[in-house]
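Residue numbers (full-length UniProt numbering), protein chains in the order written: chain A, 1 to 584; chain B, 1 to 584.
Protein chains: 2
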Amino acid sequence: MLLFRHCPEFTSRIGLLKTQRFQPRPGAASALAVCARWGSSSGSDGGGGRDSGQYLRGRTPSWSHLFAGLLAGTGAVLAYSLHQNKAERAATTVQPVCDAHKFPIYSQEEVKKHRGLAEGVWVTYKGGVYDITDFVAVHPGGSKILLAAGGALEPFWAMYAVHNQEHVLEILAEYKVGELSPEDQRQEATTCSDPYSNDPPRHPALRVNSQKPFNGEPPSEILSENYITPTAFFFKRNHLPVPKVDPGTYRLQIEGLPNGPVSLSLEELKSRFPKHKVTATLQCAGNRRSDMNQVKQVKGLNWGIAAISNATWTGARLRDVLLEGGYAPGGTTHHVQFEGLDKDVTGTTYGASIPVGKALSEEGDVLLAYEMNGEALPADHGFPVRVVVPGTVGARNVKWLGKIVLSEDESTSHWQQNDYKGFSPATDWDTVDFKSAPAIQELPVQSAITQPAEGAVVDRSMEEVTVKGYAWSGGGREVVRVDVSLDGGRTWQVAQLRGGEEEEEEEGEERQVNVVSPPPGRAWAWKLWELTAPLPEDARELEIVCKAVDSSYNMQPDTVAPIWNLRGVLSNAWHRVRVTVSED
Amino acid sequence: MLLFRHCPEFTSRIGLLKTQRFQPRPGAASALAVCARWGSSSGSDGGGGRDSGQYLRGRTPSWSHLFAGLLAGTGAVLAYSLHQNKAERAATTVQPVCDAHKFPIYSQEEVKKHRGLAEGVWVTYKGGVYDITDFVAVHPGGSKILLAAGGALEPFWAMYAVHNQEHVLEILAEYKVGELSPEDQRQEATTCSDPYSNDPPRHPALRVNSQKPFNGEPPSEILSENYITPTAFFFKRNHLPVPKVDPGTYRLQIEGLPNGPVSLSLEELKSRFPKHKVTATLQCAGNRRSDMNQVKQVKGLNWGIAAISNATWTGARLRDVLLEGGYAPGGTTHHVQFEGLDKDVTGTTYGASIPVGKALSEEGDVLLAYEMNGEALPADHGFPVRVVVPGTVGARNVKWLGKIVLSEDESTSHWQQNDYKGFSPATDWDTVDFKSAPAIQELPVQSAITQPAEGAVVDRSMEEVTVKGYAWSGGGREVVRVDVSLDGGRTWQVAQLRGGEEEEEEEGEERQVNVVSPPPGRAWAWKLWELTAPLPEDARELEIVCKAVDSSYNMQPDTVAPIWNLRGVLSNAWHRVRVTVSED
């Protein structure tokens with residue numbers, strides 16, 4: 001999008017280029033997602049979302065819908081449902097290969113010449129040649145689409161399963177201008193493979209939100225059964241294929257240190273620095289996004305309430321590693337950037353950063369973790385090394401850590417600049433300015449009900465109902481109270497909290513379990529909670545609600561709509577579950 | 001109350017003692033507030049509130065009301081309104097002095113013998129002798145009442161103006177058992193004086209919530225007129241009389257340092273340590289308590305939205321002073337306690353503590369401040385030295401600082417242990433356990449509308465409405481956005497924020513003012529905000545609402561009822577103002 005901003009002649013050129021197309025359909029609403037990343041646009045383009053929105057303004061509403069749907073990246077289900085009707089209505093415009101004689105034949109060499117807005121943007125797909133120049137400005141992934149210019153779409157589409165849908169092909173078909181020569185088709189076929197072929201097997205109980213990249217959450221009742229989430233059930237949130245890393249040759253690169261770059265083997269990381277253990281809850285910024293979707297469709301994976309889990313992490317303290325490398329506070333370093341070894345087809349790695357104060361603080365407990373729950377990190381969680389930034393949104397806990405860069409600036413990655421930010425419910429894709437909001441770091445106070453489930457039936461003869469759940473807050477703020485309501489928030493009862501470290505106390509006849517509080521500002525792990533309360537008389541239905549309070553006495557907002565945001569992040573309104581009371 | 005817990009024979013004794021009374025009225029509900037502190041009971045009694053609540057359980061509901069009202073301490077207006085009806089109904093039982101002959105005459109010596117539950121608790125007031133033994137257990141101020149045992153009530157009542165109400169005298173009259181001998185009455189008269197006689201003059205524009213001790217807030221529209229609140233308008237929240245401190249002989253005592261105690265003169269504090277300046281907003285935990293009172297009556301001063309102000313503070317860093325004194329981290333010090341020089345009649349000083357991590361942190365910016373807005377601290381704000389704990393509730397910013405104690409434990413003061421804590425809306429004075437909640441330190445995100453005022457009339461011909469206000473969050477979390485609604489929260493617009501440090505930027509034709517963000521976690525000062533929006537067509541009334549978001553993306557809760565708490569603290573729901581649109 002940055003490209004367009006500096007390219008004022010773009011709009012007028014569109015008209016020109018259109019006439020060069022083999023079968024131009026002026027004004028037709030078309031969409032094609034070549035490289036739909038998580039979010040809206042490339043890493044270096046802060047205003048991407050806005051600009052494409054401005055271009056879109058004035059088009060039909062269905063366009064913005066389509067735009068939002070495809071932007072979901074891996075949100076295949078979402079995008080599909082949005083366009084199912086359209087697909088059903090549309091006469092099929094897919095051009096089968098047997099129609100080849102209707103189109104001119106182009107060589108790969110010829111296609112390669114069309115790699116920019118001036119000369120036109122061409123791509124190939126399964127032997128077809130497509131002039132997508134017109135589509136660039138409305139591409140959900142922003143200017144990233146230009147990376148495919150002059151070449152094949154297959155490696156990009158293999159990266160993001162969202163493209164594997166009929167209506168995406170329909171849209172593509174509208175841009176067809178020719179056929180690739182049979183010779184070049186043969187060559188191309190050999191270069192395509194599934195980048196996800198290295199992904200590890202996953203537990204079948206996980207609810208899969210996207211297969212490629214893999215994103216899955218455990219059944220929510222499992223969360224409150226274990227204070228430490230079993231690794232197999234720990235939610236998995238990947239942005240890209242799981243990289244295969246050889247621990248023997250693995251090196252962690254550190255740049256920006258005063259004494260020059262540092263390179264550490266896994267063995268050095270384990271042996272040269274004290275081994276620290278931290279119990280920390282990680283939560284995806286999109287946890288409970290499904291609640292926002294019920295208010296109004298948002299972009300992103302439709303997470304339930306279980307994109308949050310708790311584990312023990314063991315590793316070297318980032319602080320120790322940086323200090324050994326000669327880092328001295330007080331310089332121009334304001335951020336510590338992390339780069340993963342997971343890459344997209346263009347070679348761009350996942351990236352994020354945190355403020356240097358958090359990274360260096362003795363009380364920050366930031367780890368370069370090589371163990372999870374007492375075992376080597378599993379492939380899905382960053383083997384061999386990931387950053388664990390306790391109290392901070394999952395997205396900054398970079399997995400498969402390849403590089404650390406000390407910098408004056410935040411990471412320039414897409415996920416730091418143009419995603420994982422919160423906006424007003426008033427902000428839409430036409431008006432969003434990603435530069436106007438800070439990157440999410442600490443998360444706000446959160447809680448949810450894991451039991452009973454929505455729609456469950458409670459037996460009247462039981463006389464009591466037991467409600468369970470989790471509660472957590474970012475920034476090391478301890479959850480100090482959870483209130484539970486059985487009547488939709490009219491009256492409240494205080495739940496019993498359960499922490500990790502507990503001590504038993506004999507007091508007279510009673511045996512008391514006290515939760516031991518961590519030091520102020522270092523409560524990195526969640527609290528599980530439970531309330532057993534008499535079933536309200538006469539109630540035939542209960543609206544069970546929970547809300548948590550953290551040590552800064554921050555509370556959860558009551559309702560979803562006023563915190564709704566176009567990306568569906570930070571969904572932390574009171575959690576509500578409706579159950580029926582059976583009179584049998 | 002601690003007394004009662006260790007005194008199991010107390011309840012049975014009550015019956016016994018009752019029979020010794022001159023005019024016993026068994027079962028009559030009576031109340032008397034001898035030493036109604038802020039809150040419920042003495043500083044060393046964590047369970048005070050609960051214990052007296054348990055004693056009260058089973059009595060008539062009007063009792064708990066009375067209890068709550070008097071506990072308000074300086075909430076004279078509140079208490080008065082609760083009992084006005086009672087006063088109107090009651091036949092006057094006040095015994096004028098001319099009735100003296102009806103009562104036996106006691107010497108001061110005889111009164112002095114009744115200083116405990118065993119021998120009875122007697123007090124004198126304006127020549128009358130009262131046996132208040134029966135009242136001790138239901139005294140709103142807890143066992144503190146025993147401090148007056150055997151002596152005069154006047155010095156205690158002079159401390160707390162809440163007692164200067166007719167119905168308090170009515171209640172007292174029920175306990176009358178005799179007259180003080182004329183000789184002792186003369187002596188007593190000379191020992192009584194107004195402890196508030198040293199209090200400084202205040203700006204007449206302040207809205208006074210209590211005169212003695214002085215508690216006042218500025219007109220709220222003044223807040224948003226000045227980024228730095230003029231000192232005269234800075235809200236004033238005193239717990240006790242303003243002490244008169246001679247700066248020449250002033251010493252700050254520091255205890256708990258490894259090399260022994262330290263004593264610093266004002267001059268030493270100014271000359272031996274670097275002078276630091278911090279702009280920090282202070283907010284009373286009870287700010288916006290009036291919103292909670294609208295849901296259900298709470299205990300405490302009925303603050304509006306202006307118990308918050310912003311100033312620059314200059315002084316030595318607490319960190320520097322403690323480190324110079326030999327403090328080394330890692331020991332058993334977990335808290336830094338502060339004692340004020342302001343005292344009640346028993347000599348008990350105001351006190352509070354903060355976690356040592358905050359006190360010692362380089363980024364914590366805790367000051368031993370001797371200047372406010374560039375001038376010596378005024379008497380009402382702690383002359384000559386106060387602690388400024390940025391991002392932390394006002395109550396820990398101890399004024400007239402006399403002593404600092406490094407300790408393993410929190411301050412044992414009443415205000416740390418049995419006040420300034422948050423509870424569930426389900427918690428009442430019968431069930432509250434002050435030990436179950438953490439002392440308020442960092443405050444949650446807050447905002448309020450200062451303009452237009454509630455009930456204002458907006459002229460339709462203006463076509464626009466301008467809304468102004470403030471927003472702030474505790475813990476150094478910067479306010480990153482304020483949403484404003486003109487329709488009660490259905491739709492929102494983003495307000496323009498105004499910070500302290502701003503830089504102007506020329507961009508093309510436009511001149512932009514950018515708010516410069518402080519380092520992460522060190523945003524101690526508020527943001528002022530403003531929104532000018534078109535008047536909604538056809539709207540005859542606007543419900544203007546604001547809500548702020550801080551850098552941890554914490555949001556304000558929507559409504560007051562679910563965060564209501566018996567002490568009326570932490571009132572940070574969306575602020576709402578209703579205005580009328582005039583069609584003239």
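Heads up, the beta-carbon is just placed ideally off N, CA and C, and yes, glycines get one too.
- For Val168(A), there is no enclosing beta strand (DSSP E); the enclosing alpha helix (DSSP H) has its first and last residue at Glu166 to Ala173.
- Contacts with chain A at 9 Å (Cβ-Cβ) do not include Glu217(B).
- Under the rule that a run must span 4 or more residues, the alpha helix (DSSP H) segments found entirely inside the stretch 200-262 of chain B read 220-223.
- Using beta-carbon distances, Ile563(B) counts as an interface residue toward chain A, with a partner under 9 Å.
- In its chain, beyond the 5 residues on either side, Ala285, Gly286, Arg289, Gly300, Tyr420, Lys421, Gly422 and Ile440 have a beta carbon closer than 8 Å to the beta carbon of Val569(B).
- Assigned with DSSP and collapsed to three states, Ala158(A) falls in helix.
- The beta-carbon separation of Val388(A) and Ala280(A), rounded to 6 Å, stays under the 8 Å limit for a contact.
- Against chain B, the beta carbon of Ser210(A) has no neighbour under 9 Å; the closest one sits roughly 24 Å away.
- Secondary-structure assignment with DSSP links Gly374(A) through no beta bridge to anything.
- Chain B places a beta carbon closer than 9 Å to that of Val445(A), counting this residue as a contact.
- The alpha carbon of Glu530(B) has as its nearest neighbour, out of Pro384(B), Gln451(B) and Pro520(B), the alpha carbon of Gln451(B).
- Between Trp400(A) and Asp320(A), the gap from beta carbon to beta carbon reaches 9 Å or more.
- Bounds of the alpha helix (DSSP H) holding Phe135(B) are Thr133 to Val136.
- Close to Arg481(A), with beta-carbon spacing below 9 Å, are these residues of chain B in chain order: Gly422, Phe423, Ser424, Ser436 and Ala437.
- Looking at the DSSP output, Arg567(B) bridges to nothing.
- Glu267(B) is outside the set of residues whose beta carbon lies under 9 Å from a beta carbon in chain A.
- By a beta-carbon distance limit of 8 Å, Val385(A) does not contact Ser582(A). Their separation comes to about 52 Å.
- The C-alpha of Gly521(B) is placed about 12 Å away from the C-alpha of Val356(A).
- Neighbours of Val494(A) in chain B, taken as residues at a C-beta separation under 8 Å, are given in chain order as Ser424, Ala426 and Thr427.
- For Val549(B), the closest Cβ of chain A is nearer than 9 Å.
- Around the beta carbon of Gln294(B), a 10 Å sphere encloses fewer than 16 other beta carbons of the protein chains shown; the residue is thus reported as exposed.
- Assigned with DSSP and collapsed to three states, Leu368(A) falls in strand.
- The three-state reading of DSSP puts Ala316(B) in strand, counting E and B together.
- Think of a sphere of 9 Å around the beta carbon of Ile308(B): no beta carbon from chain A falls inside it, the nearest being about 15 Å out.
- If you look at Ser447(B), you'll find it in the beta strand (DSSP E) that goes Gln446 to Gln451.
- Contact between Gly391(A) and Gly476(A) holds: their C-beta atoms lie close to 5 Å from each other, under 8 Å.
- Distance from Val445(B) to Asn554(B) at the Cβ level is roughly 5 Å; contact confirmed, criterion being Cβ atoms closer than 8 Å.
- The Cβ atoms of Val393(A) and Gln283(A) lie closer than 9 Å to each other.
- Going by DSSP, Gln441(A) is part of no alpha helix (DSSP H) at all; its letter is neither H nor E.
- For Lys343(B), the enclosing beta strand (DSSP E) stretches over residues His335 to Lys343.
- Judged by DSSP secondary structure, Asp483(B) falls within the beta strand (DSSP E) whose first and last residues are Val479 to Ser485.
- Listed as beta-bridge partners of His381(B) by DSSP are no residues whatsoever.
- Collapsing the DSSP output to three states places Ile145(A) in a helix.
- In this chain, Gln416(B) is not harboured by any beta strand (DSSP E); it is covered by the alpha helix (DSSP H) spanning His414 to Gln417.
- For Val579(B), the enclosing beta strand (DSSP E) starts and ends at His575 to Ser582.
- In this chain, Val549(A) is not harboured by any alpha helix (DSSP H); it is covered by the beta strand (DSSP E) spanning Glu541 to Asp550.
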